[in-house]
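Q: Protein chains in written order, with UniProt numbering: chain A, 1 to 664; chain B, 1 to 155; chain C, 1 to 176. The beta carbon of each residue, even a glycine, is placed where N, CA and C say it ideally should be. Since this is a predicted model, take the numbers as computed values, not measurements. There's a structure below that I have some questions on.
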């Protein structure tokens, strides 16, 4: 009986959330400016209320999907009564309207979390932080309500059934990829808000960086996982085994990740050493700005991307205005309020400070390069200089060498001391690692691939050079003062382990990229029942062809028996070619045999008549390492946060000694 | 009615936005040819699709272009000749690897310039900081600094 | 003062980028000029749709400004475009059709049903001429001048407004 009202309740809750966001923005900021405690105290209850009403709105939309309320336009366009319930629930964010609502919900959650866990913040600081987040939230909620209302109805004549969710999106990878990604994008709003609050309050000491660091690490970890999930999803879902396409939408997620990586390092320098203060503020603003710009690029249709949402110029304009106000105002504030005189914190060539400076500059160059390549076709077009494309060959040509250079310095960074490092002792501690990296890197391609390959060597040396000095360092630290092994490791802070895992993760990813790019094997073959094909030492035999019916599709399915060499025991892979009924859309359902050191990948193509099918057989060595590395990085980011330093951190500058290691 | 049209239009737009790979069986006698075919079809952009190489797209034009690349390879044409052949028909748009020319100078040059500028910046900053570190802080300055940064033990 | 200016740099950079993004909103990235504009019409040797025995080549396009329209029975937009093409023919524009990736039978049926504004139709079942023209869909139209050089390219549907506002002025422009 209440069911027809659910979308209306959701819509109404969304409006209330917008009003609360506006209050959360205006009153505390005004209160902080005029030093009125009562006004400042508005921030926390409004954050809680906004979050509550966003939950209500989101729950109502989900209910509309689950109850097949096709009078709601987004439900009619993106769901279907035959869809399993879990895809109905995830179809909520499989489209523009629902995904911006999810974006807003997540922003509400971050705001609420900040209001809960930052009680120790000075009152005016908290008021400003929540105020800034309220501003962002109000902007986005206005965007949702004005241009992208997910509750818009198709009345009085709702369709009898929905158009179904795009089959490519009916997948577990897609259930979790966008929420993770948004957790990352939106999470950077916290450090952004802290930076703006610091600028507003004129308190550009190191304190804000200490408060903001854990939030930044968490957001960065989520973004890492989100990007990896997207890559993994594309890998098995799009059917050709690619894992990164340098598509504008992927670049849009990589940009804040790169800037965010620079940011978590520069926050460390500012917190520990009080150096690079303006720079860190600028990076904090830039990281979130790039998140917002990614949203604009994906949803405005200015760039051609495989992931394009249904585009609408009015939405593009709205986001651009939002982007212009947010970023423009922040950068103006930065220009006006950033500290005039920089503190001359001293350090020498060989110091962690200098190496982190190099790290930041390289990461910024990488960010600018990706941004440049992404928007360059647009720039030329706007200047009437013709249409060009910038794709994988360009990005690979620039990104790979930049990464290698970055790795050179990454090998030294964790071993260097703040302020200055004695060159001799550093050399003594890394030469063995360097020699080993070089040796293994030169020999590994010979052992593995049978012939020497410069690219493989370069990638492996870079990865080993990042890891081996860390291992050596841990080995040294494992001895405590009495010379007992391993006892020392227990004394290392979680933040240190976080840094170790983060760097290790990058190395693992680099190994994965290197090996899979150079040693993957791909064969397109024609196969009928009884045929055998050998690829990379595996024999694939088609034993059966049949058809099958799923909940909302019909499929042709093959059984492929796979054996390695003379090994009698094998396994079966079952690729499918599906036809989704509601959209009449054919889909390849890939059969994957994952492994730590290799994936086997079978995709079914076309029926070639005469009982044979086109199949794509692929051997993908080390491909799992790509995502494993990202996962390690994310775990590293989280470990650094649960370091007890932060749990009692936000009190006034602490005279007590804190663990000496720094999460980089 | 207008709304219905908009909905239909949106459906039409959503449909082909993501498309899967085409799988074709082609015989190569020479593994080098196979490699060249793979790299050429990966670096040519499908003119009809959203953002896919002709090797990844199953649109008809991408199929025609792959077929043409294959023929030209069989005819013994060089990679450059094949790319030129495509550009003459479909424009620079089909090149994922933009050529270095006047209008792409910034695209290729800026990263290199930034790298040089970055190196220079590091040199300038570290030299300035080195001087700063050689200057002794007064007791007063040190106290202030310590208070500001919540001084911690340095290794 | 110098430092203050330096701090303004990010804002300036962002405003420039924002300006481009704003312009980008009114640009359709899918709309592209043909690479063949100002180039001679590609050579071909194709049979006429209604007469398999008659082979036509590029000399067909010499001597008069011609609108070459690429169509196919399989293309729904081509059906909607027909009234405009008929109007152009009525107004004295010479039209040559290219029946692209079609069967002879279906192509003929299409013309019987929707009208035939074309002086002659080239039958291009393999899409070889279409490929040389850089065509990746239909309909597409090429305006060829009296010397056989392509002067204007129209991607997609010619709307009733396009007839008077775009096509006819272009034809006039190249007639002199």
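Could you tell me the alpha carbon to alpha carbon distance between residue 23 of chain B and residue 606 of chain A, rounded to whole angstroms?
A: Looking up residue 23 of chain B in the second chain gives position 23. Looking up residue 606 of chain A in the first chain gives position 606. So the two alpha carbons sit approximately 7 Å from each other.
Q: Does residue 41 of chain B come within less than 9 Å of chain A when only Cβ atoms are used?
A: For the purposes of this step, residue 41 of chain B is identified with residue 41 of the second chain, where counting begins at 1. Not closer than 9 Å to any Cβ of chain A, the Cβ of residue 41 of chain B fails to qualify, so no.
Q: So what does DSSP say about residue 680 of chain A, is it helix, strand or coil?
A: Residue 680 of chain A lies beyond the range of chain A shown here (1 to 664); nothing can be said about it.
Q: If contacts are defined as beta-carbon pairs under 8 Å, then residue 418 of chain A and residue 273 of chain A qualify, I think. What distance do you get, rounded to the angstrom?
A: Locating residue 418 of chain A in the first chain gives position 418, counting from the first residue. Locating residue 273 of chain A in the first chain gives position 273, counting from the first residue. By a beta-carbon distance limit of 8 Å, residue 418 of chain A contacts residue 273 of chain A. Their separation comes to about 6 Å.
Q: Using the three-state DSSP reduction, which class does residue 650 of chain A fall into: helix, strand or coil?
A: As a working note, residue 650 of chain A is residue 650 in the first chain. Confidence at residue 650 of chain A is low in this model, with a pLDDT of 44, below 50, so its placement is unreliable and the value that follows should be read with caution. Note: residue 650 of chain A maps to coil in three-state DSSP.
Q: Between which residues of its own chain and residue 157 of chain C is the CB-CB distance below 8 Å, once the five residues before and five after are set aside?
A: Taking the first residue of the third chain as 1, we reach residue 157 of chain C at position 157. So the qualifying residues of the chain are 77, 80, 81 and 139.
Q: Between A/567, A/579 and A/502, which lies nearest to residue 640 of chain A when the distance is taken from Cα to Cα?
A: Here residue 640 of chain A is taken as the residue at index 640 of the first chain, counted from 1. Among A/567, A/579 and A/502, the Cα nearest to that of residue 640 of chain A belongs to A/502.
Q: Identify every residue that forms a DSSP beta bridge with residue 560 of chain A.
A: Here residue 560 of chain A refers to the residue found at position 560 of the first chain. DSSP lists A/542 and A/573 as partners of residue 560 of chain A.
Q: Report the residues of the region 379-400 of chain A with a CB closer than 9 Å to any CB of chain B, ordered along the chain.
A: Within the region 379-400 of chain A, the qualifying residues are 379, 380, 383, 385, 386, 387, 388, 389, 390, 391, 392, 393, 394, 397 and 398.
Q: Given a limit of 7 Å on CB to CB distance, which residues of the region 47-61 of chain B reach chain C?
A: 47, 48 and 61
Q: Using a Cβ-Cβ cut-off of 8 Å (strictly less than) and excluding sequence neighbours within five positions of residue 208 of chain A, which residues of its own chain qualify?
A: Position 208 of the first chain holds residue 208 of chain A. Cβ neighbours of residue 208 of chain A beyond the five flanking positions: 125, 194, 195, 197 and 198.
Q: Take residue 473 of chain A as the anchor and find which of A/455, A/496, A/71 and A/452 has the nearest alpha-carbon.
A: Mapped onto the first chain, residue 473 of chain A falls at position 473. For the residues A/455, A/496, A/71 and A/452, the minimum Cα distance to residue 473 of chain A belongs to A/496.
Q: Is there a C-beta anywhere in chain B that falls below 9 Å from the one on residue 3 of chain C?
A: Your numbering for residue 3 of chain C matches position 3 in the third chain. So no, residue 3 of chain C is outside the interface.
Q: According to DSSP, residue 152 of chain C sits in a beta bridge with which residue or residues?
A: Residue numbering aside, residue 152 of chain C sits at position 152 when the third chain is read from its first letter. The partner list for residue 152 of chain C (beta bridge, DSSP) reads C/143.
Q: Note down, in chain order, each residue of its chain lying with its Cβ closer than 8 Å to the Cβ of residue 17 of chain B, except the 5 sequence neighbours on either side.
A: The count along the second chain starts at 1 and reaches residue 17 of chain B at position 17. Low confidence applies to residue 17 of chain B: its pLDDT is 38, below 50, so where it sits in the model is not reliable, and the reading given next is rough at best. 50.
Q: Do residue 285 of chain A and residue 254 of chain A count as a contact pair if the criterion is CB distance below 9 Å?
A: Here the question's residue 254 of chain A lines up with position 254 in the first chain. Here the question's residue 285 of chain A lines up with position 285 in the first chain. Contact: no.
Q: Would the region 601-616 of chain A and the region 555-574 of chain A be scored as touching if the rule is three or more Cβ pairs under 8 Å?
A: In this structure the region 601-616 of chain A lies against the region 555-574 of chain A, because at least three pairs of beta carbons, one per stretch, are closer than 8 Å.
Q: Rank A/453, A/517, A/456 and A/360 by C-alpha distance to the C-alpha of residue 39 of chain B and give the top, closest one.
A: Position 39 of the second chain, counting from 1, holds the residue named residue 39 of chain B. Selected option, being the one with the closest Cα: A/517.
Q: Can you tell me whether residue 384 of chain A is buried or exposed, with buried defined as 16 or more other CB within 10 angstroms of its CB?
A: Here the question's residue 384 of chain A lines up with position 384 in the first chain. The residue in question, residue 384 of chain A, is exposed, as its Cβ has fewer than 16 Cβ neighbours within 10 Å.
Q: Starting from residue 373 of chain A, find everything on chain B with Cβ-Cβ shorter than 8 Å and list it in chain order.
A: Counted from its first residue, the first chain places residue 373 of chain A at position 373. The contact set of residue 373 of chain A on chain B, defined by CB atoms closer than 8 Å, consists of 107 in chain order.
Q: Out of A/479, A/628 and A/535, which has the shortest C-alpha to C-alpha gap to residue 231 of chain A?
A: Within the first chain, the letter at position 231 stands for residue 231 of chain A. Measuring from the Cα of residue 231 of chain A, the nearest candidate turns out to be A/628.
Q: Just to confirm before moving on: does the CB-CB distance between residue 64 of chain B and residue 131 of chain C stay below 9 Å?
A: For this step, residue 64 of chain B is matched to residue 64 along the second chain. For this step, residue 131 of chain C is matched to residue 131 along the third chain. Contact: yes.
Q: Using 10 angstroms around the beta-carbon of residue 576 of chain A, count the other beta-carbons present and answer buried if the total reaches 16, otherwise exposed.
A: Working through the first chain from its first residue, we reach residue 576 of chain A at position 576. It is buried - the Cβ of residue 576 of chain A has at least 16 other Cβ atoms within 10 Å.
Q: Helix, strand or coil for residue 522 of chain A, going by three-state DSSP, please let me know.
A: As a first step, residue 522 of chain A is located in the first chain; it is residue number 522 there, counting from the start. Of the three classes helix, strand and coil, the one that applies to residue 522 of chain A here is strand, per DSSP.
Q: Using a Cβ-Cβ cut-off of 9 Å, state whether residue 121 of chain B counts as contacting chain A.
A: Working through the second chain from its first residue, we reach residue 121 of chain B at position 121. Cβ-Cβ to chain A under 9 Å: yes for residue 121 of chain B.
Q: Say whether the region 5-25 of chain A touches the region 54-74 of chain A, bearing in mind that this needs 3 or more beta-carbon pairs closer than 8 Å, one atom from each stretch.
A: Contact holds between the region 5-25 of chain A and the region 54-74 of chain A, because three or more Cβ pairs, one in each stretch, are under 8 Å apart.
Q: Quick one: grab the DSSP three-state call for residue 9 of chain B.
A: Looking up residue 9 of chain B in the second chain gives position 9. A caution first: residue 9 of chain B carries a pLDDT of 35, below 50, which makes its placement in the model unreliable, though a value can still be read off. The answer is helix: DSSP assigns residue 9 of chain B an H, G or I state.
Q: Can the beta-carbon of residue 69 of chain C be found closer than 9 Å to that of residue 98 of chain C?
A: The count along the third chain starts at 1 and reaches residue 69 of chain C at position 69. The count along the third chain starts at 1 and reaches residue 98 of chain C at position 98. In this structure, residue 98 of chain C lies closer than 9 Å to residue 69 of chain C by Cβ.
Q: Would you tell me roughly how many angstroms separate the C-alpha atoms of residue 510 of chain A and residue 463 of chain A, rounded to the nearest one?
A: As a working mapping, residue 510 of chain A is identified with position 510 in the first chain. As a working mapping, residue 463 of chain A is identified with position 463 in the first chain. Answer to the nearest angstrom: the Cα atoms are 6 Å apart.
Q: Got a sec? Which residues, its chain only, sit under 6 Å from residue 43 of chain B by beta carbon, not counting five neighbours each side?
A: For this step, residue 43 of chain B is matched to residue 43 along the second chain. So the qualifying residues of the chain are 96 and 97.
Q: I'd like to check one pair, residue 454 of chain A with residue 405 of chain A: are the Cβ atoms closer than 9 Å?
A: Here the question's residue 405 of chain A lines up with position 405 in the first chain. Here the question's residue 454 of chain A lines up with position 454 in the first chain. In this structure, residue 405 of chain A lies away from residue 454 of chain A, with their beta-carbon atoms at least 9 Å apart.
Q: Name the two residues that bound the continuous alpha helix (DSSP H) containing residue 191 of chain A.
A: Working through the first chain from its first residue, we reach residue 191 of chain A at position 191. Segment 172-201, the alpha helix (DSSP H) holding residue 191 of chain A.
Q: Taking 9 Å as the threshold (beta carbon to beta carbon), is residue 7 of chain C in contact with chain B?
A: As a working note, residue 7 of chain C is residue 7 in the third chain. Answer no: the Cβ-Cβ gap between residue 7 of chain C and chain B never drops below 9 Å.
Q: Keeping to the same chain, check which residues put their C-beta closer than 6 Å to that of residue 442 of chain A; ignore five residues upstream and five downstream.
A: For the purposes of this step, residue 442 of chain A is identified with residue 442 of the first chain, where counting begins at 1. Correct list, in chain order: 457.
Q: Just the chain C side, please: which residues come within less than 8 Å of residue 37 of chain B by C-beta, in chain order?
A: On the second chain, residue 37 of chain B is found 37 positions in, with the first residue counted as 1. In chain order: nothing, as chain C lies at least about 18 Å away.
Q: Would DSSP call residue 92 of chain B helix, strand or coil?
A: Taking the second chain and counting its residues from 1, the one referred to as residue 92 of chain B is at position 92. Correct three-state label for residue 92 of chain B: helix.
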